[in-house]
Structures are given as structure tokens and as C-alpha cells.
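These notes concern the structure reproduced below.
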Amino acid sequence: MKTLKELLQIQSISGDESEMKAYLHNYVMKRKHDWKVAPEIFSGDEFHECLLLKFGKPRTAVFAHIDTIGFMARYENQLIPVGGPEIIEGTVLIGKDEMGPIRCKLLCRDDQLYHDFARPIQRGTRLSFEQNIKIDNNYIEAAYLDNRLGVYNALKLCETIENGWVIFSTYEEHGGGSIPFLLKFIQKSAPIRKALISDITWVTDGIHHGEGVVISLRDKFIPRKAFLDKVVNLAKKSGIPYQLEVEAIGGSDGREIQFSPYAIDWCFIGAPEDNVHSPNEKVALQDLEAMIDLYRFLLANL
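Now the structure itself:
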């Protein structure tokens, strides 16, 4: 869990993912020669804070977004949400500006959000939930399991993958925007026809802790059934526990893949969590294990 704990401590609110990108790049450079296949690495200003890893001869790409929800300082102690954070009065927020570190509480007054920091916070400063990681034999509870667990799953996949892209994307929590230029590059350099979205979904009336990784048959958007059938059939063959999700709301990097000019099939596969977008997101460890196992099986067989 050392790597996961490190991921959970890094601030990476949408639009300011540079610290997370630096961590991932350093992680890959240190470990790539110990993996089954050493990847070709693509990063730099032309990719913003995204990181692309190309293994062998790709047939499939895995996308994991590295950004999180949070808040941004405005004027007169006001805060504006970034993405869709759960608004809970008194939640502790952290960050830093040019004057130093920040730790304050979230306040709600007349439908406006404020902070109680002792001095003005520089405009545009991003604040995130203070981290409080709890792990027992059954569950992990922390802020930003969405999508640190998706990133962790992608890193674990890198250890065994022989052919495929592993893509760490940005902006997903606040409207997206990185997938179009990433797909353009991928399709020019080593094109793919299949994509898996390594992200975290919800515990609902039909999805439960401890019953396996979730294969999403639809959220607000609907993937192609022929591809979903192939994924589900492989999941059955694997013997790895899974659940099937059908929802009418929600979205992911899969939306931008579906809206792209490329005929790429996609499927969202991830562990379910409680307390979504709050400081206390909760995921069953056995569901995370099933997520890692299923991704390894699918990448070898899709």
C-alpha cells in the first residue's frame, strides 16, 4: 500500500496536475526495467500534464485520469467548486499559495462558499480535502480514492502488460479536454480500436461492496453492445468476481472517446465506492483486488 498512500497525499486538482505527473514520471523511470516490457514514454508540453506509456504493439488503451475535484479561491474569502465536491460545512481544506501553506475550514453562507483562513488566499489558489487515510482488513477510506485507485490500478497493470497503451489523463473532473489530443497522437503513432476506463464508480441499490469490480454497461453514455458483450464474456471466463452496472447519469473519459472522430470501443471498469466526492470515500479492498486482476486478464485477452 506504500505507493497508494503516496498517491493519496499528492494534490492534483483539475488544471493543476503537475505534481502528480512528476511523481508518475519518476515512478515509471525507476521501475520500467523491472516490468515485463519496458514502455516507450511520451510526455512534455505537447501533452500538458498527461503521461503516455506504450507497451509493445498496442491493441487496447487503458485511461486513468490523475485529477481530482476541489475548490478555488475567489474574492473576499469566497471559494468556487472545481468539479463536483461534496459540500460539507466544516470540512478541512489544504493548499498553498505564494505566502505559504494553507489549512482552513469550508463554510456555507447564503448559498455561497467561504473559507475561514486567517488571511486572504491568493486568487486562483486550489484547495483540496485534507487527507485522512484509514485501512483495515476489509476497506480503505480516504479522500480522492476517485481516481487514485484508478491510477494505482494502471500502475499495477504496467508490471505485466505486454501490448497496450497506459494513459494518465487530465481535466476529467471538470469537463474533460485532454482525451481529444491524446487520441489524435495515439491514432497517428500506434492506433487502437479498444479502450478501458480505469476509474471508480458508485455503490448503489444494485452495486454493493465486496461483490467484485464493476463493469459499467452504461452511465449517461452508452458504449457499443458488441464490445460490452466481449468484455463480459471474458470476465465470466476469468472467474474474477464482477458486477454489472446500469445507470442513467455520470460520465468519464469514455464520453470523450465516444464523441471522438475515431471508431474506438470503450468500457468503464472500476471498483465501487461509498461517500462519493467526499473526504471519506470508501472502497472494499477485495473489489480493488478484483479490479487489478480483471484488467490484467482483459489486456492479455482482448
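Per our numbering, the sequence shown starts with residue -1, numbered consecutively. Yeah, the Cβ is synthetic: ideal placement off N, Cα and C, and Gly gets one too.
* Starting from T1, trace the alpha helix (DSSP H) both ways and give me its first and last residue. => The sequence position of residue 1 within the sequence shown is 3, counting from 1. Looking at the DSSP string, the run of the alpha helix (DSSP H) that includes T1 is K0 to L6.
* Note down, in chain order, each residue of its chain lying with its Cβ closer than 8 angstroms to the Cβ of Y21, except the 5 sequence neighbours on either side. => Counting from one through the sequence shown, the residue named residue 21 turns up at place 23. Take Y21, set aside five residues on each side of it, and the residues of its chain with a beta-carbon closer than 8 angstroms to its own are E4, L5 and I8, in chain order.
* Does the separation of the CB atoms of D217 and I190 fall below 9 angstroms? -> Within the sequence shown, the letter at position 219 stands for residue 217. Within the sequence shown, the letter at position 192 stands for residue 190. Contact check for D217 against I190 fails: the beta carbons are separated by 9 angstroms or more.
* Length at least 3, wholly inside the region 86 to 114: the beta strand (DSSP E) runs in chain order -> Correct list: 90 to 95, 98 to 107 and 110 to 113.
* To do: May I have the straight-line CA-CA distance separating L215 from R146, to the nearest angstrom?
  => Translated into positions along the sequence shown, residue 215 becomes position 217. Translated into positions along the sequence shown, residue 146 becomes position 148. Spanning the alpha carbons of L215 and R146 requires a straight line of approximately 22 angstroms.
* Asked: Are three or more beta carbon pairs between the region 284 to 294 and the region 195 to 215 nearer than 8 angstroms?
  -> Contact holds between the region 284 to 294 and the region 195 to 215, because three or more Cβ pairs, one in each stretch, are under 8 angstroms apart.
* Asked: Residues in its own chain within less than 7 angstroms of L143 by CB, not counting five upstream and five downstream?
  -> Working through the sequence shown from its first residue, we reach residue 143 at position 145. Closer than 7 angstroms at Cβ, skipping near neighbours: I198, E271, E279 and V281.
* Does the Cβ of M289 have 16 or more other Cβ atoms within 10 Å, making it buried, or fewer, making it exposed? -> On the sequence shown, position 291 is the one that residue 289 refers to. That one is buried.
* Can you grab the Cα-Cα spacing for the pair K28 / F179, in whole Å? => Counting from one through the sequence shown, the residue named residue 28 turns up at place 30. Counting from one through the sequence shown, the residue named residue 179 turns up at place 181. Here the alpha carbons of F179 and K28 stand approximately 27 angstroms from one another.
* To do: Identify, in the order they occur along the chain, each residue of the same chain with its Cβ nearer than 6 angstroms to the Cβ of H113, setting aside the five sequence neighbours on each side.
  => Mapped onto the sequence shown, residue 113 falls at position 115. Here the set comprises N75, L77 and C102.
* To do: Return helix, strand or coil for K218, following the three-state DSSP convention.
  => Taking the sequence shown and counting its residues from 1, one reaches residue 218 at position 220. K218 falls in the coil class under three-state DSSP.
* Nearest-angstrom beta carbon gap, G162 and V60 [assumed within contact, 8 angstroms] -> Your numbering for residue 60 matches position 62 in the sequence shown. Your numbering for residue 162 matches position 164 in the sequence shown. Under the criterion of beta carbons closer than 8 angstroms, V60 and G162 qualify as touching, at roughly 7 angstroms.
* In the DSSP assignment, find the unbroken alpha helix (DSSP H) run with C156 in it and report its ends. => Mapped onto the sequence shown, residue 156 falls at position 158. For C156, the enclosing alpha helix (DSSP H) covers residues L143 to C156.
* Asked: Using the C-alpha atoms, what's the distance from S167 back to V149?
  -> Counted from its first residue, the sequence shown places residue 149 at position 151. Counted from its first residue, the sequence shown places residue 167 at position 169. Between V149 and S167, the alpha-carbon positions lie close to 10 angstroms from each other.
* Residues near A233 in its chain [Cβ-Cβ closer than 7 angstroms; skip 5 each side] -> Within the sequence shown, the letter at position 235 stands for residue 233. I213, Y240 and L292, listed in sequence order.
* To do: Measure how close the beta-carbons of F53 and P79 come, nearest whole angstrom, since I'm counting them as under 8 angstroms.
  => Against the sequence shown, residue 53 aligns to sequence position 55. Against the sequence shown, residue 79 aligns to sequence position 81. Rounded, the Cβ-Cβ distance is 37 angstroms, inconsistent with contact.
* To do: Give me the Cα-Cα distance between I64 and R117, rounded to the nearest whole angstrom.
  => Numbered from its first residue, the sequence shown carries residue 64 at position 66. Numbered from its first residue, the sequence shown carries residue 117 at position 119. Spanning the two alpha carbons is a distance of roughly 30 angstroms.
* To do: Label S12 either buried or exposed according to how many other C-beta atoms from any shown protein chain fall within 10 Å of its C-beta, with 16 as the threshold for buried.
  => Here residue 12 corresponds to residue number 14 of the sequence shown, with the count starting at 1. Counting C-beta atoms within 10 angstroms of its own C-beta, S12 has 16 or more neighbours from the protein chains shown and is therefore classed as buried.
* Any alpha helix (DSSP H) of 4 or more consecutive residues that is wholly inside the region 216 to 267 -> Within the region 216 to 267, the runs of alpha helix (DSSP H) that reach at least 4 residues and sit entirely inside it are, in chain order, 223 to 236 and 251 to 257.
* Expressed to the nearest angstrom, what Euclidean distance is found between the alpha-carbon atoms of L242 and T89? -> Counting from 1 along the sequence shown, the entry for residue 242 is found at position 244. Counting from 1 along the sequence shown, the entry for residue 89 is found at position 91. Whole-angstrom Cα-Cα distance: 33 angstroms.
* From L105, A71, D95 and G98, residue whose alpha carbon lies closest to that of E87 -> For the purposes of this step, residue 87 is taken as residue 89 along the sequence shown, with counting starting at 1. The shortest CA-to-CA distance from E87 to any of L105, A71, D95 and G98 is the one to L105.
* Drop a sphere of 10 angstroms on the beta-carbon of G98, count the other beta-carbons inside from all chains shown, and report buried for 16 or more, exposed for fewer. => Taking the sequence shown and counting its residues from 1, one reaches residue 98 at position 100. Exposed, since its Cβ has fewer than 16 Cβ neighbours within 10 Å.
* To do: For the beta strand (DSSP E) containing H275, list its first residue and its last residue.
  => Within the sequence shown, residue 275 is the residue found at index 277, counting from 1. Taken as a continuous stretch (DSSP letters only), H275 belongs to no beta strand (DSSP E), as it is neither H nor E.
* **Local conformation of A188 per DSSP, three classes** => Within the sequence shown, the letter at position 190 stands for residue 188. Assigned with DSSP and collapsed to three states, A188 falls in coil, not helix or strand.
* Asked: With burial defined as no fewer than 16 other Cβ atoms inside 10 Å of the residue's Cβ, what is the status of R124: buried or exposed?
  -> Stepping through the sequence shown from its first residue, residue 124 is reached at position 126. Label assigned to R124: buried.
* **Rounded Cβ spacing between P268 and S196 (contact assumed at less than 8 angstroms)** => In the sequence shown, counting from the first residue as 1, residue 268 sits at position 270. In the sequence shown, counting from the first residue as 1, residue 196 sits at position 198. First, the amino acid is wrong: residue 268 is Gly here, not Pro. So it is a contact: roughly 6 angstroms between Cβ atoms.
* To do: Grab the span of the beta strand (DSSP E) containing Y73 for me, first residue to last.
  => Start at 1 with the first residue of the sequence shown, and residue 73 comes out as number 75. In the DSSP assignment, Y73 falls outside any beta strand (DSSP E), carrying neither H nor E.
* Residues near E160 by beta carbon distance below 7 angstroms, same chain, minus five either side -> Residue numbering aside, residue 160 sits at position 162 when the sequence shown is read from its first letter. Taken in chain order, the residues that qualify are K34, V35, F53 and G54.
* **DSSP three-state assignment for R294, whether helix, strand or coil** => The residue given as residue 294 occupies position 296 in the sequence shown. Here R294 carries a helix assignment [DSSP, helix/strand/coil].
* Asked: Looking at the structure shown, is I177 part of a helix, part of a strand, or coil, going by DSSP?
  -> Taking the sequence shown and counting its residues from 1, the one referred to as residue 177 is at position 179. I177 falls in the helix class under three-state DSSP.
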